[in-house]
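To start, the structure under review is shown below, and the notes come after it.
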Amino acid sequence: MSAVRPLRATGTSPAADPAFRAPAARSGRPARGRRNRWLPPQHGAWAMLLLPYVAAVGVTGPRWLHLPVLGVGLAGYLFSYYALLAVKTGRADRVRPQLLVYGGATALLGVPVLLARPAVLGYVPLYAVLFAVNAGHARRRRERALLNDLASVAQSLLMVFVVATVAEVPPAELVGVAAAVGAYLAGTVLYVKTMIRERGSAGYRWASLAYHLVALAVAVVAGWGPAVAGVFALLLLRAGVLPGRRLTPVRVGLIEMVGTLLVLAAVVTRWA
């Protein structure tokens, strides 16, 4: 799973990335940079990773294999974050310990899944193509580009079908789940840009508003149910009212946490 864009900017130069900061010397407190050498400072990424997984498990019902699948998703994200950092900076030696630990964990957790459900190998080429998009943007130092963000959303959505395959549920039965969750996550990409990086862009604001209006219309026409449509109406309202207000990244993130939980509840209610 590739790195997903955060709700808070973390700096664009290698020196600014916490993974490359030297630990604080002669200090009695744990260095923040030391923690971030092993945990990416991408707080919004975790919700983007977990929402498709939890929604799919809620619809298919839990299986024991879903636990190692979750481990693969989390470890794979951590591995990809540091792999993309290596691509961006050309300094793989700086993150070699993280690559070894998280790459090893991904492979180890993936063994029981592959042995029990070899069909999940069919998703590997899709992950590879989307990761290549991320790598290309990282090399050009354009990680915040909209296409790169959407590629990360697409990677997170593949987890819906992986969960279905592991549960031996036809993936086609979860297309609606993936579509609803994907509509929310893609809208969040646009909305968060209007609140932080593109706060002063009228173009982004109108694009976000138009997107959320179309998403609401799709939810109604596609028959996703009144609960899902109601949540998308609320998302449209927040996309129209909140941009322009000076909310801190923390408050923006808290609002999105509420949105994530509402989408999860509505999707599981509709398709379970």
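When we follow our numbering, the leftmost residue of the sequence shown carries the number 955, and every step to the right adds one. Glycine included, each C-beta is placed from N, C-alpha and C at the ideal position.
So, for residue i: in the same chain, excluding its five sequence neighbours on each side, which residues have a beta-carbon less than 7 Å away from its beta-carbon?
i, result
"GLY1027", "MET955, LEU1003, TYR1007 and MET1113"
"VAL1120", "ARG1017, LEU1019, HIS1020, VAL1023, VAL1067, ARG1071 and VAL1074"
"MET1149", "LEU1196, PRO1197, LEU1201 and VAL1206"
"ALA1092", "LEU1038, VAL1041 and LYS1042"
At which residues does the alpha helix (DSSP H) containing residue i begin and terminate?
i, result
"PRO1180", "1180-1195"
"TYR1077", "TYR1077 -> no alpha helix (DSSP H), and no H or E assigned at all."
"GLY1058", "1050-1070"
"LEU1128", "Neither: LEU1128 is in no alpha helix (DSSP H) and is coded neither H nor E."
"ILE1150", "Element bounds for ILE1150: n/a, residue is neither H nor E."
Roughly how many whole angstroms lie between the Cα atoms of residue i and residue j?
i, j, result
"ASN1088", "SER1106", "7 Å"
"ALA1132", "ILE1209", "22 Å"
"LEU1115", "THR1043", "Correcting the residue identity first, residue 1115 is Phe in this sequence and not Leu. About 33 Å."
"GLY1012", "GLY1184", "20 Å"
"ALA1164", "VAL1055", "43 Å"
"VAL1065", "ALA1171", "42 Å"
"ALA1059", "TYR1035", "14 Å"
"ALA1220", "GLY1179", "9 Å"
"GLY1030", "TYR1081", "11 Å"
"GLU1097", "GLY1090", "9 Å"
"SER1162", "HIS997", "22 Å"
Comparing alpha-carbon positions, which option in the options lies nearest residue i?
i, options, result
"TRP992", "VAL1041, GLN1052 and GLY1030", "GLN1052"
"GLY1194", "ARG1094, VAL1146, VAL1129 and ALA1173", "VAL1146"
"VAL1023", "LEU1063, ALA1059, PHE1033 and ALA1010", "LEU1063"
"LEU1049", "ALA1070, PRO1079, PRO994 and VAL1074", "At residue 1049 the sequence reads Val, which differs from the Leu that was named. With distances taken between Cα atoms, VAL1049 lies closest to PRO994."
"VAL926", "ALA1001, THR1014 and LEU1054", "This structure leaves residue 926 out entirely; the chain is present only between 955 and 1226."
"ALA1118", "LEU1167, LEU1101 and LEU1128", "LEU1128"
"ALA1140", "LEU1167, ALA1082 and GLY1154", "LEU1167"
"TRP1160", "VAL1135, VAL1175 and LEU1190", "LEU1190"
Excluding five sequence neighbours on each side, which residues of the same chain lie with their C-beta closer than 6 Å to the C-beta of residue i?
i, result
"LEU1084", "ALA1105, ALA1108 and GLN1109"
"VAL1217", "TYR1138 and VAL1185"
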